[in-house]
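These notes concern the structure reproduced below.
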Amino acid sequence: MKKALVLTLLLVSFVFATGCSTQRDLVTLTVSVQGQGAAEPEGTDDFVKGSIVELKAIPASGWQFSKWEGDVAEPFSVQTTVLMERRQTVTAIFVRQAEPEILTGPGGIITWRADGSPVARRAQGAADIEYIMLHAISDAAANPGNPYEIGRIRDIFDDYGVEAHYVIDRDGAIYQFVPDDRIARHAGAGTWKNDPQLTNAMNRYAIGIELLGIGTRSEMKDVIGVLANTRVKASDRGYTDAQYLALDQLLAHLADRYGIPRENIITHHDYDPGRKWDPGDLFDWSRISC
Ligand SMILES: [Zn+2]
4 MKKALVLTLL LVSFVFATGC STQRDLVTLT VSVQGQGAAE PEGTDDFVKG SIVELKAIPA
64 SGWQFSKWEG DVAEPFSVQT TVLMERRQTV TAIFVRQAEP EILTGPGGII TWRADGSPVA
124 RRAQGAADIE YIMLHAISDA AANPGNPYEI GRIRDIFDDY GVEAHYVIDR DGAIYQFVPD
184 DRIARHAGAG TWKNDPQLTN AMNRYAIGIE LLGIGTRSEM KDVIGVLANT RVKASDRGYT
244 DAQYLALDQL LAHLADRYGI PRENIITHHD YDPGRKWDPG DLFDWSRISC
């Protein structure tokens, strides 16, 4: 439906642009910036009435994109569009990149596991940190109606023999469970870019971040079981605005601290596409500005 509308509008714009374009058929778009960053396009320009203009926000160093003000399609996406049915005024809002507030995970920092084994330090300490891996975790298998109790995370880690460095809850609170310079068990088996050093060994090089989140029905059916899957509320699937903001801050902070390039921020699904779904199709990369 949306595609058909866009096609129609493009067709209308084309007819106007080629056939009978006059001054009357043009409408003005004004794009400005608040905070430090740039927008594409920026300034004031005329567009054919009915056309769709693509917008992009580019934060300056030390700043992050917050949102668009104005009548855009996706106010929280770095890239969005504006439909020029009429004169439009749009503002890209950037906010100073704040250092994320990092809380201690309920149950305390894990340096010894429930089974008595130590969480080993990375062989070269923080110098080994080269990747960040994004995951999703929830309590939906056991509690599909109430899957996001942060106090349950430590139990889930213990039950499944895993742990991650950070967990971001639905309100955007960031909890640390494992110190960055220790090897948490979050990546498991997998491969990346055919690099033998990374095959089944990503835990040594990656910081693991779990978002409290649940994927689509089809992604989850083999993960939490059919019955639990039917009991998950639609509103509990996917990720929240607060989580994207917190994740963006945490990624910027970690990438800066450890010199991690953007292409080294990957998902669990990237590493092990055959077995791992997370964070899945509902995760929106356009919400991440770093
Ligand atoms: Zn995962």
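For the sequence shown, the residue numbers in the numbering used here are 4 to 293.
Even glycine gets a Cβ: it sits at the ideal position worked out from N, Cα and C.
All of these numbers come straight from a predicted model, not from anything done at the bench.
- Of the residues assessed, Y163 falls on the exposed side of the cut-off, its CB having fewer than 16 other CB atoms within 10 angstroms.
- Taking all protein chains shown into account, G128 has fewer than 16 neighbouring C-beta atoms within 10 Å of its C-beta and is therefore exposed.
- At a cut-off of 7 angstroms, the beta-carbon of K279 counts as near ligand 1: some heavy atom of the ligand is closer than that.
- The C-beta distance from T114 to R185 rounds to 7 angstroms, short enough to meet the 8 angstroms contact threshold.
- By the neighbour-count criterion, in which 16 or more other beta carbons inside 10 Å mark a residue as buried, Q100 falls on the buried side.
- Using a Cβ distance threshold of 8 angstroms, I156 and G108 count as a contacting pair.
- Leaving aside the five residues that flank Q246 on each side, the residues in its chain whose CB is nearer than 7 angstroms to its CB run, in chain order, I171, R173, G175 and L214.
- By the neighbour-count criterion, in which a residue is buried when 16 or more other Cβ atoms sit within 10 angstroms of its Cβ, S221 is exposed.
- Non-local C-beta neighbours of N206 in its own chain, meaning closer than 7 angstroms and more than five positions away in sequence, comprise I186, A187, R188, H189 and A190, ordered along the chain.
- For the pair W66 and G46, the CB atoms are not nearer than the 8 angstroms cut-off.
- For H168, the shortest separation between its Cβ and any heavy atom of ligand 1 does not lie below 7 angstroms.
- Apart from sequence neighbours up to five positions away, the residues of its chain that approach G228 with a beta-carbon distance below 7 angstroms are A144, ordered along the chain.
- In the three-state DSSP reduction, F79 falls in the coil class, being neither helix nor strand.
- Taking the Cα positions, A258 is about 30 angstroms away from M223.
- Checking the DSSP bridge columns, you'll see L58 partnered with T83.
- Within the chosen limit of 7 angstroms, ligand 1 does not reach the beta carbon of H256 with any heavy atom.
- Pairwise C-beta distances place the segment 259-270 in contact with the segment 122-138, as three or more of them are shorter than 8 angstroms.
- A95 is bridged by DSSP to V36 and W71.
- Looking at the DSSP output, E266 bridges to nothing.
- Assignment of beta-bridge partners to P121 by DSSP yields W115.
- With 16 or more other Cβ atoms from the protein chains shown falling within 10 Å of its own Cβ, A255 counts as buried.
- Looking only at D48, L285 and I268, the smallest Cα-Cα distance to S292 is reached by I268.
- Here the alpha carbons of R240 and I96 stand approximately 27 angstroms from one another.
- Contact between P276 and A139 is ruled out by a C-beta separation of about 15 angstroms, above the 8 angstroms threshold.
- With contacts defined as CB atoms closer than 8 angstroms, S35 and T94 qualify as a contacting pair.
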